[in-house]
Structures are given as C-alpha cells and as structure tokens.
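Position one of the sequence shown corresponds to residue 1 (full-length UniProt numbering), numbered consecutively onward. Backbone N, C-alpha and C fix where the C-beta goes; we use that ideal spot for every residue, glycine too. Scroll down for the structure; my scribbles are underneath it.
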Amino acid sequence: MTKIDLRKTQRFEDRHNGPDEQEIAEMLKVVGAPSLDALIDETVPAGIRMKEPLNLPLPKSEFQFLKDLRHIAAQNKMFKSYIGMGYYNTIVPGVIQRNILENPGWYTAYTPYQAEIAQGRLEALINFQTMVMDLTGMEIANASLLDEATAAAEAMFMFAGQRKKNKKEATTFFVDENTFPQTINVLKTRSVPVGIQLEVGKLSELDITRDDLFGVLIQYPAGDGKVLNYRSFIESAHENNVFVTVAADLMSLALLTPPGEMGADAVVGTSQRFGVPMGYGGPHAAYIATRDEFKRHIPGRIIGVSVDSQGNKAYRMALQTREQHIRREKATSNICTAQVLLAVMAGMYGVYHGSKGIKHIAFKIHGFAKLLDKGLQSLGFKQLNEFYFDTLRIECESSLSEKIRTIAEVNQANFRYFEDGDIGIAVDETTRVEDVQVILEVFAEATGQVMAFDLDGEAANLEVELPKELERTSDFMTHPVFNQYHSEHEMLRYIKRLENKDLSLVHSMISLGSCTMKLNATTEMVAVTWPEFGDIHPFAPTYQTRGYHMMFNDLVDWLSEITGFADVSLQPNSGAQGEYAGLMVIRAYHESRGEGHRNIAIIPSSAHGTNPASAVMAGMKVVIVACDERGNIDLDDLKAKVEQHSQNLACLMVTYPSTHGVFEESIKDICALIHEHGGQVYMDGANMNAQVGLTSPGIIGADVCHLNLHKTFCIPHGGGGPGMGPIGVAAHLAPFLPGNPVVETGGDQAITAVSAAPWGSASILVISYAYIAMMGAEGLTNATKLAILNANYIKAKLEKEFKILYAGSKGRCAHEMIVDCREFKNQKIEVEDIAKRLMDYGFHAPTVSFPVAGTVMIEPTESESKVELDRFCEAMLSIRQEIREIADGLADEEQNVLKNAPHTASMVLEGQWEKPYSREKAVYPAEYVKEAKFWPTVGRIDSAYGDRNLMCSCIPVSDYQEEEAMA
1 MTKIDLRKTQ
11 RFEDRHNGPD
21 EQEIAEMLKV
31 VGAPSLDALI
41 DETVPAGIRM
51 KEPLNLPLPK
61 SEFQFLKDLR
71 HIAAQNKMFK
81 SYIGMGYYNT
91 IVPGVIQRNI
101 LENPGWYTAY
111 TPYQAEIAQG
121 RLEALINFQT
131 MVMDLTGMEI
141 ANASLLDEAT
151 AAAEAMFMFA
161 GQRKKNKKEA
171 TTFFVDENTF
181 PQTINVLKTR
191 SVPVGIQLEV
201 GKLSELDITR
211 DDLFGVLIQY
221 PAGDGKVLNY
231 RSFIESAHEN
241 NVFVTVAADL
251 MSLALLTPPG
261 EMGADAVVGT
271 SQRFGVPMGY
281 GGPHAAYIAT
291 RDEFKRHIPG
301 RIIGVSVDSQ
311 GNKAYRMALQ
321 TREQHIRREK
331 ATSNICTAQV
341 LLAVMAGMYG
351 VYHGSKGIKH
361 IAFKIHGFAK
371 LLDKGLQSLG
381 FKQLNEFYFD
391 TLRIECESSL
401 SEKIRTIAEV
411 NQANFRYFED
421 GDIGIAVDET
431 TRVEDVQVIL
441 EVFAEATGQV
451 MAFDLDGEAA
461 NLEVELPKEL
471 ERTSDFMTHP
481 VFNQYHSEHE
491 MLRYIKRLEN
501 KDLSLVHSMI
511 SLGSCTMKLN
521 ATTEMVAVTW
531 PEFGDIHPFA
541 PTYQTRGYHM
551 MFNDLVDWLS
561 EITGFADVSL
571 QPNSGAQGEY
581 AGLMVIRAYH
591 ESRGEGHRNI
601 AIIPSSAHGT
611 NPASAVMAGM
621 KVVIVACDER
631 GNIDLDDLKA
641 KVEQHSQNLA
651 CLMVTYPSTH
661 GVFEESIKDI
671 CALIHEHGGQ
681 VYMDGANMNA
691 QVGLTSPGII
701 GADVCHLNLH
711 KTFCIPHGGG
721 GPGMGPIGVA
731 AHLAPFLPGN
741 PVVETGGDQA
751 ITAVSAAPWG
761 SASILVISYA
771 YIAMMGAEGL
781 TNATKLAILN
791 ANYIKAKLEK
801 EFKILYAGSK
811 GRCAHEMIVD
821 CREFKNQKIE
831 VEDIAKRLMD
841 YGFHAPTVSF
851 PVAGTVMIEP
861 TESESKVELD
871 RFCEAMLSIR
881 QEIREIADGL
891 ADEEQNVLKN
901 APHTASMVLE
911 GQWEKPYSRE
921 KAVYPAEYVK
931 EAKFWPTVGR
941 IDSAYGDRNL
951 MCSCIPVSDY
961 QEEEAMA
C-alpha cells in the first residue's frame, strides 16, 4: 500500500534547479565538501549571512500560479486606447508571435558576441536596420535602443560631442514644445548632469542663429499629430552649424516625406507599432538612424556584413570601438545592449508585409483618421491639424472635454486630454469602422446630437490625398528579403531557417560569466502574450490597470525583501539604465543635503564597463581603485583614494560578489569606510544570483543597487535584449526614486524620468513575478546554493588542467570563476581560438577576456544538471588535450583544429580535404556531439574586413568585395 499526501504538489524549484539529490551528493564528493550548507559556509563570509530566511509567500505550483494570474489579469480593463503619444495598438502576425516571441529558440539566445553561431539573429537585425534606414531616408541605423525617449537623449549626447569649431562653447539643445512629454522629461534628466542647457519652446519662435545653440529636436508628426514640412528649417539650421534630430513615427514615413530627405542629421523613434504589443510601456525596439559621417559615433550596437574564412558572406557586430569595456569612463553612452527580440519582431513585420503591405497599412490608418475627421466635422467639431497622419486634435472647452471623457470611458474608449481642454485621438492598425462609430456616438451624446453622418458610405468611397510637399515619392524596402516571404508558409520557413543558425539554451548550456543564462521557464513566459497584459497603453487611467498594479506592489515588496532595501523602482528598462538611475538618485540625495559638490565616483578596475560610463553620464568624475592579486579591492589603495577625495566623494560602485567571482570578506568594512567619508555605496546587481537568500545588498551596507531581472530573475536575454534593471534603495534614498510626467509614480522628491514609460518594460515583469511566486523563499535560496555548487564543481573538474585565477580564502569560488588561458600563447593559441573551438563541441563560449584579457569567465547557473556540466567539462578538457598536441608537436601550429574552428558542414563535405587532421576530429570531437550536432553555418569571421568595409544593410556582400577590389 502506498501512502500519499494529497496536499503536496510538484515543487517548481525541482523543475528550475538542474541537479537532483543524487547528483548533488556526487558533485559534493568531487568538490570535497561534506554537505551543501558546508560548502556555502566556506564560500559566503559569515559576517554577511542572513540570520533569518526570506519572508516571502509560500511557493505556488505552476498550475495554481497560472490560475491565480488569470484572476490578476482580469483586473486590467481592456479599453480601446486612442491616446497615441508613441504607443499604439498593433496586430502581431500569428506566425511571428508563435515562432519568435513565444519560441525559446529565439528568446533564450545571448547577445551575438560569438557571431558564427548567431547568424540568424544577425540577419534579422540587418533586416531591421535596413527597414529603418529605408523608411527614415538615412544612411546608417543601429540595431535598436531602449525606447524613443532615451533614443532622443542618445542623439542629443552624440551631437553634443560633434559640435562644429564655431560651436564648441554652445551648450543649448532646443526641443520643440510639441514633442511627447515623456521624451522631454527624459531629456531633462539626461541633460542636467553633463551641462547641457535644455530649452523647450515653440519652434516657430526659435532664433536659429543663436551662438549658444548646437542642436534641435522636432517631433514628426508633432506631438499633437500635425504634420509640417521642416525642409527649410533644417537648411537654416545647417547654415548655422546646428544639428537637427527628428523623432519620427516609423509607420507614417511610408506616406510622409522621410526626415532624411529633408536633411535631418539623425532620426529617432520606436518600432512598437510594427507588430509589438504596447505592454503597458514595453519592451519595444527604439531606433536611431543618422548620416554616414556619424557612423563612428552612433550609440549602441550596429550589425555589419563581413566575410568568413571561406570567403562567404557573414554577419557580425561591427564598430565595437565604443564598447564600454574598451572606452569605459571615456564612453559617451552607457548603452551596452539592445532590444534584440523586439527589433527582430519589428523587422520580421516588415519582411512579412513588405513595402506594399506597410504602405497599405499606413494608408488605412490615415484613412480612418480622415473618416473620423469628417464625422466629427459633421457634428460641428473643429479639428485643429490641417495636415495629419493618424492623430486628430479636436478643439474643445474643458467642461465639454470632461463630459466627453466620462461618456468615452463608459464606452471603453481612452482619448488624450490636453490641459486646455482639447482632445487628441490617434487611430491605428486595429481601428475599424465600428470603432469610428463608437467615437462619433460619444461626441454626439456629449453634445445632445443625433448622428446623421453616412459612415458606411464614406468608408466605402473615401478619398485620401496628402499635399505634394509632404508626400513620400521615394521607394523603400526594395531588397528581395522584403518581397518574397508574404505567404505564411514562406514566412514560417524563413523564420525557422534563421532560427536554425543560432545556438541558444534549447541546445546547450551557455556558461557566460556575469550573464546568468538560466532557465526561462515556459510558465513564466506564458502570460507575456496575454492581451490583458499586452494590449494596455502605458498612460491609460490607473483604475483600468489594477491587475498590473497588484503585480507591481507584490514585486516591489518581494524585491525589497530580497535586497534588504526599503523601496524599489521598476522604471529602468535595462541594467545600464538601472545603474544610471541609481547614480542619479544618489546625486539628488547629495543635492538635497546641500552637498551637490560631491561628484567623485570610485570604481574598481574590474568593474563592468557600464559602471564608469554611467557615472560620467550622471555628471560624476571617475576615480579607479586597483584590485589585489586575489581579485579583491586593494584596501590600501581604496583608503588612499577615499581620503584624498573625502570632501567630494559621491559614491563607490562595487559589484558583489566581485567580478572576479569571489565574496570579498572585507565588504562591510569597505561600505563603512565610504559612509564615514560622506559617500553612498552603489552595488551593481550583476552577480545577485549568488546572493538571493544568503545575503543581500542591504546587509553588506549598500545604499542602492540595480537588479538585472534578465539575469537573476529569469527574464530571457532575447538574443541581446530585452532587459530590465529596477533599483532598490535604502529608506533615505526612497524619496528620490524616478517619476513620470504623465502618470504619477516615484518618490515625493522624485527625479525626472529615466525611461519613457512609468514602469519601464512592464509586460515582462510578469516573468520575474512568476519566478519568485513559484520558487518561494526556500526555492530561491536553494537556487543560489546550487549556482555556487555548480560553479565549484566545474572549478574542481577543470583546475588540474587549467589555472583558475581567483578564489576565496578557503579555496572556493562564488557562482562563477575565471579560467586563465594566457599560458597557451606559447602554442600560438589565443583565447578566441578556444571560444571558436567550443562551437564544434556544441557550446557557446564563456565570457571572453573580461574582466581579465586572455581568460574565460564561466558561470553555469543553478539550472544546469550534472550531466550538462560534465558534458561542458569534457569539451574543455578535450580542448586542453588538443592544445597539448600542439605543444608536443603532434599537431601543426597553424593548421590545427583550434585555429580553423569552427568547422562548417561545407568545409568538411565540399572539395578535397587537405587539413592535417581528420574530418571526424574537426566536427565530431566527442561522442556526445554525434547525437545532436549543432552546425555553425559560417566559418571564422574576418572582423578586420568588416571594420574596414562597414556594411549595415541588406546589400549583397559581393557588391562590397567588388568595390574593395577596385579601391
């Protein structure tokens, strides 16, 4: 007879955590620890350990969680939003939703640093860049930014650094007052710390000849929807060495003259309405496009075309000279990632519809605006925009406006309400004739009229015509990729073909140090595409978004408990944004105490490159502190720097455990030292996966930290984005948490916004919410313990053949370790060769040459089983033997499996095999590889060629090869 307890359910943590009890026992023997708790005691200093377990709700089963989440989702009211302001309802093509957004083959991949196994994503991003360049009329575009507001800020920064000789002293950046308020607010945040004078006013009244003026931002169509021709203004600006940035609605550019043809220097905006749900604010892929002369200064990632070792076309990330790890405090942007998954979706939307389809959608949107305009005129309303694309501004007195608002909301419709009483209505791709009928009936009821307008008749015979001076005449999206996948069958095959070129977590462990590529569970992901979370406008009245706020409130409480802090802001929509937000909060705190002169940020030499870049953006001066031979902060150097800068010390930025993978035992003393000299401690949360449930930023003495939800809290990396970087703060910093100009949020002394939307990329917060709710306190703590066990297991397996650089006082690493590969230079083997050879074994390389050049940093996470860890160790040890064969003279120094890696199918199948090693050794270096071979689709990519010949659109590489030959 079998007895069971019917009250118990399957624990989600048993699905999330890789090793089972038997595997844990076997691994502990290899590690040399009597128990898991004993290992943790040897790893995490006793002085910073939690005294009590986390106080979190009991964990839920996957079934129960989804059932409860349905109830929460139902609290969000599904009104039709015509608010506009950069956010619009859109139709996500089913083939894109199912096969990209909901497909782990796309969303679990990593940033494409290892381009040979990321060719699918890179091609998709080239499509996005080409689409943006074509629509904007510009010469170069990047692979996406975080949101429209921060893209505008990046353009402002870019042109501040490119001021002409006679404008070197100019500090004013002018913003047309008819720009979206969230964009203006973010520009205020970003301008003040770096000495840019932001001026908001009427463009028509601007004296463009002013000596203090270096740049202008214009919204196109304007914030209230009107469309104007800015060609002559831009010409005047250029005559006076003033740069012009245009924030443009990408969809409108299918019909309207693109800013590039008007002479704009940069065009920024969002691709949200290209098939990406509003999601209560995000995530969406913003864009920036500019002229070729600024290609060395454009922020973020650019995907370029190069060639591989066989002379074949291959894609790679280009222009990495601005990467923060290289330029650090000299970087002019802290953007180190993109919104890849969303850019892929938007680009695929362009591929699926093509130029004809996009133009048809744009015409329908404009047509519905025209139809609504006619209907409102029949009711006696005056529409103020002479020319428009999708947005009307209806003249209205405040009393009538309030009446219309009441009736509209009864009819489940949201409009934009201006301070003077005017009403804004923006139609979109989802608008239908019956929606126009509802809107017109709202206005008729408010004025006591009976609608006599022949809506169906007008809709059936609507004439649409734009003024010639505003109409687009140039072709766009003419490349074959936008003209051959318009049936679902062909589109499905194209998406799958690209997916098959990329290695992701569906194939094998991605052991990237500092990046925490852990399980993104299906149950965590399910609700992202529920309409109750996706189809919500970020500026909808809060009574319509109660479900979201139930989730926000819980998540803030839980993250506060986990971090040991008093409050959390969910607004920052990337880790770098979280860094910046935290530093701006520290800046505001010092200013509130009359200590605005505190502007020194002390940063360890091992810190992630975004740390110094963020500090400079926050108006701080960076002072680097050295690390000792064990990878810890050099305490003597720190004390000297702190005492030297005591009067002006703003903060210390520290990563914990350290970037070297060690729990520094002196961390509390370090924090106390900073506080003693009037500074604040900012903790970079990149390594939070080694803290949850064992210690916390609050316990170690930090004042603020950002949390990479796309690392520790299971939001997937999406091939390089989206991310989320909420900040937790101690009580004295809580009043300064960031606000928003449209929806009230933040502290009572809130800094201006750091992101466009009040709660950042709200729709993906449901993923972290699900993770914490299903893991519970014990599950989260066990996950941290297993992350540490898995790392120490790999360390124990590899340390006899590889030098492990750093360890704690008892010989343990934290959740990651650094493997030194510099000794292999004697055999002419570089760390890059090891990274490429791992592809032949079916693995993505660990983090290469960070934080120490010539090393790899390995982080296995808790989600990997012993079987997978053993497979990875087998690959590493086999590569070590291959290096030994070179040293022993058994393999050629130039023609060997490492130098020629990765090996593609065409390399081993086509032509005569002339390598001094066998085909089998090249592509089947281990038995397990034969069972599920992942084939890189290109050979090693020629990075130097790609840098010499920057190609960022879908033009065939052969065209460039001919040009280079002629040159």
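In this structure, does DSSP put residue i in helix, strand or coil?
i: residue 2; result: coil
i: residue 528; result: helix
i: residue 813; result: coil
i: residue 519; result: coil
i: residue 726; result: coil
i: residue 661; result: coil
i: residue 655; result: strand
i: residue 113; result: coil
i: residue 92; result: coil
i: residue 962; result: Unreliable placement is indicated for residue 962, whose pLDDT of 41 sits below 50; no coordinate value is reported for it.
i: residue 456; result: helix
i: residue 196; result: coil
i: residue 104; result: helix
i: residue 706; result: strand
i: residue 287; result: strand
Assuming residue i and residue j form a contact by the criterion Cβ under 8 Å, report the distance between their Cβ atoms to the nearest whole angstrom.
i: residue 159; j: residue 243; result: 4 Å
i: residue 841; j: residue 925; result: 6 Å
i: residue 142; j: residue 298; result: 6 Å
i: residue 366; j: residue 464; result: 6 Å
i: residue 54; j: residue 39; result: The Cβ separation is near 20 Å, so there is no contact.
i: residue 818; j: residue 855; result: 5 Å
i: residue 704; j: residue 586; result: 6 Å
Rank the options by C-alpha distance to the C-alpha of residue i and give the top, closest one.
i: residue 535; options: 496, 414, 475; result: 414
i: residue 492; options: 95, 153, 517; result: 95
i: residue 721; options: 32, 192, 112, 623; result: 112
i: residue 619; options: 146, 100, 267, 189; result: 189
i: residue 445; options: 403, 466, 353; result: 403
i: residue 755; options: 725, 38, 379; result: 725
i: residue 157; options: 106, 137, 215; result: 215
i: residue 90; options: 430, 633, 127; result: 430
i: residue 241; options: 300, 120, 162, 222; result: 162
i: residue 712; options: 559, 729, 629; result: 559
i: residue 922; options: 912, 902, 938; result: 902
i: residue 883; options: 827, 844, 872, 871; result: 827
i: residue 14; options: 48, 786, 808, 540; result: 786
Quick check: residue i and residue j, are their CB atoms within less than 7 Å of each other?
i: residue 247; j: residue 269; result: yes
i: residue 700; j: residue 674; result: no
i: residue 278; j: residue 677; result: no
i: residue 579; j: residue 486; result: no
i: residue 394; j: residue 254; result: no
i: residue 145; j: residue 152; result: no
i: residue 774; j: residue 67; result: no
i: residue 993; j: residue 555; result: Residue numbering for the chain in the displayed model covers 1 to 967; residue 993 lies beyond these limits and cannot be assessed.
i: residue 263; j: residue 138; result: no
i: residue 498; j: residue 120; result: yes
i: residue 681; j: residue 652; result: yes
i: residue 858; j: residue 794; result: yes
i: residue 821; j: residue 661; result: no
i: residue 87; j: residue 763; result: no
Kindly examine the ligand ZN and report whether one of its heavy atoms sits closer than 6 Å to the Cβ of residue i.
i: residue 843; result: You won't find the ligand ZN in this model; it holds no ligand whatsoever.
Check whether chain D comes within 7 Å of residue i, counting only Cβ atoms and requiring the distance to be less than that.
i: residue 241; result: Here chain D cannot be found, since the structure has a single protein chain.
Which runs of the beta strand (DSSP E) spanning at least 3 residues fall entirely within the region 294 to 371, listed in chain order? 302 to 307, 313 to 318
For the region 116 to 141, list the alpha helix (DSSP H) runs that are entirely contained and at least 4 residues long, ordered along the chain. 119 to 136
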